[in-house]
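Heads up: the structure comes next, in structure tokens.
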Amino acid sequence: MLLSSEAAIVLRENNSRIELYRGGSIVDDPTAVDGTAVQVGRDWSIGWYLMPQSMDSRQSDEPEWYDVTVRCRGTFDLGLYRGGSSTFLTGYHQLVLPAEQWSDIFIGRFQLLPGDYLTADGVAGEAAFMDEVELVPHPLDAGERELLAMEDCPTLTFDGSGTMTSEWLLCASEPVRWLAYLPQDTFCLAPHVTVRAFWNSGRTAEYHWYGGRNELEIPASPSDRLEKLQFSSSGDGRMILRAVCLNEINDRFLLTDVQLESPSGFDTAAVSAGTYSARDRSRFRLDRMNLFADQEDDAVVAAVPESAMHKIFQYEIGDNWSDEPIGFDIALARNEAEHVQMVLVPRGEKPVELRISFYWDSLPVPEELNWHVDEVGYVVARPKAYRQLRQHVDYYPDPLLPLADGVVRLKNCNIPLWLTVTAGEGTQAGRYAGRFIVEDAEGRRQAEIPVAVRVFDFDLPKKSSFRTCFFLHRPSVNDFFGIADWAAEREIDEKIIRLAAENRLTLMPMLEHVPQRIAPLWDAYLEADGSYSFDFRRENELTRLIIDELHGSGWNIEPSPTFAQYLGYIEVTERVSGQKIKLNFHQSSPEFAALYRDFLQAAWQNAIENHWEQTAYHYIWDEWKGDAWNQLYCQSKEFVPGLKTMAVGYSLGEMTPETKAAIDIWVPLSPAYQEEFARQQRQLGKEVWAYVCVSPKDRYNLFIDHQAFGHRALCWWLKEHDVDGLLYWGVNYWALAAEERQQGAVWPDIDWQANQFVDANGDGYLMYPDYRTDEIYGSQRLAVLRDGLEDLEYFHLLERLLAEAKNDSDWRCRAEVLLENCKQVTVGEHAAAVDDQSTLLEQCRRSMGELIEERFRLNEPGAN
Numbered sequence: 007m008l009l010s011s012e013a014a015i016v017l018r019e020n021n022s023r024i025e026l027y028r029g030g031s032i033v034d035d036p037t038a039v040d041g042t043a044v045q046v047g048r049d050w051s052i053g054w055y056l057m058p059q060s061m062d063s064r065q066s067d068e069p070e071w072y073d074v075t076v077r078c079r080g081t082f083d084l085g086l087y088r089g090g091s092s093t094f095l096t097g098y099h100q101l102v103l104p105a106e107q108w109s110d111i112f113i114g115r116f117q118l119l120p121g122d123y124l125t126a127d128g129v130a131g132e133a134a135f136m137d138e139v140e141l142v143p144h145p146l147d148a149g150e151r152e153l154l155a156m157e158d159c160p161t162l163t164f165d166g167s168g169t170m171t172s173e174w175l176l177c178a179s180e181p182v183r184w185l186a187y188l189p190q191d192t193f194c195l196a197p198h199v200t201v202r203a204f205w206n207s208g209r210t211a212e213y214h215w216y217g218g219r220n221e222l223e224i225p226a227s228p229s230d231r232l233e234k235l236q237f238s239s240s241g242d243g244r245m246i247l248r249a250v251c252l253n254e255i256n257d258r259f260l261l262t263d264v265q266l267e268s269p270s271g272f273d274t275a276a277v278s279a280g281t282y283s284a285r286d287r288s289r290f291r292l293d294r295m296n297l298f299a300d301q302e303d304d305a306v307v308a309a310v311p312e313s314a315m316h317k318i319f320q321y322e323i324g325d326n327w328s329d330e331p332i333g334f335d336i337a338l339a340r341n342e343a344e345h346v347q348m349v350l351v352p353r354g355e356k357p358v359e360l361r362i363s364f365y366w367d368s369l370p371v372p373e374e375l376n377w378h379v380d381e382v383g384y385v386v387a388r389p390k391a392y393r394q395l396r397q398h399v400d401y402y403p404d405p406l407l408p409l410a411d412g413v414v415r416l417k418n419c420n421i422p423l424w425l426t427v428t429a430g431e432g433t434q435a436g437r438y439a440g441r442f443i444v445e446d447a448e449g450r451r452q453a454e455i456p457v458a459v460r461v462f463d464f465d466l467p468k469k470s471s472f473r474t475c476f477f478l479h480r481p482s483v484n485d486f487f488g489i490a491d492w493a494a495e496r497e498i499d500e501k502i503i504r505l506a507a508e509n510r511l512t513l514m515p516m517l518e519h520v521p522q523r524i525a526p527l528w529d530a531y532l533e534a535d536g537s538y539s540f541d542f543r544r545e546n547e548l549t550r551l552i553i554d555e556l557h558g559s560g561w562n563i564e565p566s567p568t569f570a571q572y573l574g575y576i577e578v579t580e581r582v583s584g585q586k587i588k589l590n591f592h593q594s595s596p597e598f599a600a601l602y603r604d605f606l607q608a609a610w611q612n613a614i615e616n617h618w619e620q621t622a623y624h625y626i627w628d629e630w631k632g633d634a635w636n637q638l639y640c641q642s643k644e645f646v647p648g649l650k651t652m653a654v655g656y657s658l659g660e661m662t663p664e665t666k667a668a669i670d671i672w673v674p675l676s677p678a679y680q681e682e683f684a685r686q687q688r689q690l691g692k693e694v695w696a697y698v699c700v701s702p703k704d705r706y707n708l709f710i711d712h713q714a715f716g717h718r719a720l721c722w723w724l725k726e727h728d729v730d731g732l733l734y735w736g737v738n739y740w741a742l743a744a745e746e747r748q749q750g751a752v753w754p755d756i757d758w759q760a761n762q763f764v765d766a767n768g769d770g771y772l773m774y775p776d777y778r779t780d781e782i783y784g785s786q787r788l789a790v791l792r793d794g795l796e797d798l799e800y801f802h803l804l805e806r807l808l809a810e811a812k813n814d815s816d817w818r819c820r821a822e823v824l825l826e827n828c829k830q831v832t833v834g835e836h837a838a839a840v841d842d843q844s845t846l847l848e849q850c851r852r853s854m855g856e857l858i859e860e861r862f863r864l865n866e867p868g869a870n
């Protein structure tokens, strides 16, 4: 192998864990070390795990660092992936190697964790093979550890044998200080980095860093500013660099840009999250100065109107922002809410306390027309393997936090305010004008934004025409709040349910894989005749709230979509003796079938008695397939023919004809939605929904690190494909936050980590818990999704009116043209992370509202 060491670990096919997908295979190869090799297939075809059992025992509190070398041949793409986190340790690099000769390719030095693995993508028409992987221990020395602890500062790292370069653009009128370390050992024999400096006077200078610790101070002054630094490695053998800039961002030192020249192969040139933070804060200062360059007043803040479909970063000045007062122009129907943002931009460095108020310009204004103001908070999102708005660690906007007495404390960064206007039932149609006022603590007016609100003369239905099923994760409620009794849990559950319903979501309280720890909301009894009965009173409390009071669109009769695999092992109470016993029935046993029958029939009777049978369904088993899956669906339809069954994440090829016939609601992952299959099922009277979760990562979803437009555009995609409902696996999956609280530190005292579910930022939750008050806060994603769901009501009304307007050719023509134009909103679906058709979406939505209002006014009284 390329690197040799007595402590090296060599992984081959017969002593390590390898998973093969999509064409990857083990093949005989007489040229390989052990006579076999791994053949690369297509599209993530190999998962070669780097932490075999022999290494797990070596893991200490701090995982070890290793140099990783791969023996391979042929042409293919190779990367190293952090398992379970949707993150590349090093992204794909294409290797173009001799087809018949093995090459040893060094891919880098990494701190390896269990689950890390090499992944390979084949190239069409090219054969490629991997033979073995060598891991050579390469621990950090003291000098590297010292600088690694300073990564909040601007930091540059090199690791490789080729020439690596980086260019830093500065505006420095004070000396620029650096601390650099280049380890010199058996891995790196003669490390050397050249630093070239450029001043605005035209002067240049050259500095050199060699093995060991290097301190450097580069002179700069107001009369001769330092404008650029260039760093380059010699390319004469392996070299590792870690260099930290010690200056703090201020008016005398600004870092305006960083360029990294892509090195050859797996050589690495990178900068830390602290570097991007310093760059963003520097640019913010400069862009803010340009924004306010023509202002002559002494205001301390500017207020900028923004769309709710944009995510506003703390240190970013929008390209279209202006210091001229621009207002909001909002249109909405009755029973609807619309959202916009007012961004407070500080004009100086000093913290300021501001008071926000709203006034209507003329009275009277309907009391059903109301404003609500929240402050947008920020959470930490880390880089992932999918495309993000920003491909580095950053703070993303999401939680909507209540304002205390309308007061905002402005620091040296943007603060977006989330403005919600709601037109309740009975609001008089018309146009209304008002303004938001921003004042300082002494009452001096600092900014104002005019507001125009148009209320359309029609109502959106209180009960949504579009069905939703979003999970209320009961274990997260109990774990985060430390709850041990039903009364306390119900109080929190109700807050979550009401907040969801306010945003037009129907929740499903569920256990999700942990019924052994948290019991269902019903009690089971073993009767004297051997049958089972069930007391649903606690569950009915939540169902009555969701369906009857809050106009929910459906409910699952099971405690979770995985509950059937636990049903045979639940605890029941013997009716005669009062003793509790634990069942032990395998799913294939006749005892399980009897229990399953009694449960389903009791639950269906409970639905009938409460008049919920029209909204009930049986969501049986999530993302599964095989004989057990088929059995449950067929039994459900046999035991309760009138109860609709729901199949989520199914595999048609694994289903029997009987299973297909037993399914009433089909729910594929959104990219797997098939137009023709959906059409056929609807002709049979069945429903076809869609769901998103940790996937898809490249289409419209609810990730924090995607543009907010995509959260609303998801609903337009659903409309374009005539989808009947949307399923999503969680509004409150707070696993990391619950662990942090048990350890004594929790948000908002510390940063909220966006990846509560490790594989994607924001997956599984749309709400935030406050341990101080036991309150639940909404989010930008939740509010924007509500806007999208209300857009679906516009589509529903417009299409209904279109079907009725048989004699109005002019109106019909305009409606049909508009509906065709609406399809352009989702043309950027495959670039969902950054897609932004928000202007077009808003134009189409307003036009729909105007056409609906026009048609309702032409109809007879009471047609609305």
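Numbering of the sequence shown is given in our numbering, commencing with residue 7 and proceeding in unit increments.
For every residue, glycine included, the Cβ atom is placed at its ideal position computed from N, Cα and C.
Start and end residues, beta strand (DSSP E) containing residue i
i	result
residue 586	586–588
residue 479	473–479
residue 422	421–429
residue 257	Neither: residue 257 is in no beta strand (DSSP E) and is coded neither H nor E.
residue 165	161–166
residue 3	Missing from the structure shown is residue 3; the chain here goes from 7 to 870 and no further.
Contacting residues, own chain, Cβ-Cβ under 7 Å from residue i (five flanking each side not counted)
i	result
residue 25	53
Rounded separation between residue i and residue j - CA only
i	j	result
residue 765	residue 145	28 Å
residue 434	residue 767	42 Å
residue 810	residue 617	31 Å
residue 642	residue 721	31 Å
residue 605	residue 799	36 Å
residue 130	residue 248	39 Å
residue 190	residue 198	10 Å
residue 168	residue 228	37 Å
residue 647	residue 638	13 Å
residue 234	residue 483	52 Å
N- and C-terminal bounds of the alpha helix (DSSP H) containing residue i
i	result
residue 791	786–810
residue 614	596–615
residue 828	815–828
residue 540	First-last for residue 540: 538–541, but that is the beta strand (DSSP E), not the alpha helix (DSSP H).
Chain B contact for residue i (CB, 8 Å cutoff)
i	result
residue 278	Of the chains in the structure shown, none is chain B; there is only one protein chain.
Neighbourhood of residue i by C-beta, 6 Å cutoff - its chain only, sequence neighbours within 5 removed
i	result
residue 392	703
residue 65	Summary for residue 65: the model assigns pLDDT 48, below 50, so the residue's position carries little reliability, and this model does not support an answer.
residue 511	474, 476
residue 313	844
residue 608	540
Near the ligand GDP: residue i beta-carbon under 7 Å from a heavy atom
i	result
residue 551	With respect to small molecules bound, the structure shown includes none, and the ligand GDP cannot be examined in it.
Inter-stretch contact at 8 Å, needing at least 3 Cβ pairs: the segment 254–263 / the segment 195–212: Output reads no: the segment 195–212 does not touch the segment 254–263.
State whether the segment 178–190 contacts the segment 214–225, with contact taken as three or more CB pairs (one from each stretch) at a distance under 8 Å. Proximity of the segment 178–190 to the segment 214–225 meets the contact definition, three or more beta-carbon pairs being nearer than 8 Å.
Whether or not the segment 438–454 and the segment 306–316 are in contact is what I'm after, with contact meaning three or more pairs of Cβ atoms, one per stretch, closer than 8 Å; do they touch? By the criterion of at least three beta-carbon pairs nearer than 8 Å, the segment 306–316 is in contact with the segment 438–454.
Sequence ranges, alpha helix (DSSP H) only - wholly within the segment 302–332, length at least 4: Annotation note: the segment 302–332 contains no uninterrupted alpha helix (DSSP H) run of length 4 or greater.
Meets three-Cβ-pair contact criterion under 8 Å: the segment 372–380 and the segment 263–276: The segment 372–380 vs the segment 263–276: no contact.
Assess, as a yes-or-no matter, whether the segment 777–789 is touched by the segment 396–411 under the definition of 3 or more beta carbon pairs within less than 8 Å. The segment 396–411 makes contact with the segment 777–789: 3 or more CB pairs, one atom from each, lie closer than 8 Å.
Which runs of the beta strand (DSSP E), 3 residues or longer, sit entirely within the segment 181–233? 182–188, 198–205, 210–216, 218–224, all fully within the segment 181–233.
Which ranges would you report for the beta strand (DSSP E) in the segment 699–740 if only whole runs of at least 3 residues count? Correct list: 731–734.
Determine, using beta-carbon pairs with one atom in the segment 686–694 and one in the segment 816–833, whether at least three such pairs fall under 8 Å. With contact defined as three or more Cβ pairs closer than 8 Å, the segment 686–694 and the segment 816–833 are not in contact.
Touch check for the segment 150–164 and the segment 27–38: three-plus C-beta pairs under 8 Å? Contact fails: fewer than three Cβ-Cβ distances are below 8 Å.
List, from N- to C-terminal side, the alpha helix (DSSP H) runs of 4 residues or more that fit wholly inside the segment 438–514. The segment 438–514 is shown to contain whole alpha helix (DSSP H) runs of 4 or more residues at 480–487, 492–508, in chain order.
Where are the beta strand (DSSP E) runs, 3 residues long or more, that stay fully inside the segment 56–129, in chain order? Correct list: 71–88, 93–102, 109–117, 123–128.
Decide if the segment 381–397 is in contact with the segment 828–845; the criterion is three or more beta carbon pairs, one per stretch, under 8 Å apart. Output reads yes: the segment 828–845 touches the segment 381–397.
What beta strand (DSSP E) runs, 3 residues minimum, are completely inside the segment 738–779? The qualifying runs are 774–776.
Stretch-stretch touch, CB-based, cutoff 8 Å, three pairs: the segment 454–472 with the segment 790–799: Output reads yes: the segment 790–799 touches the segment 454–472.
Could you pull out every unbroken beta strand (DSSP E) segment of at least 3 residues lying fully inside the segment 609–681, listed in chain order? As far as the segment 609–681 is concerned, its whole beta strand (DSSP E) runs of at least 3 residues are 622–628, 650–654, 671–673.
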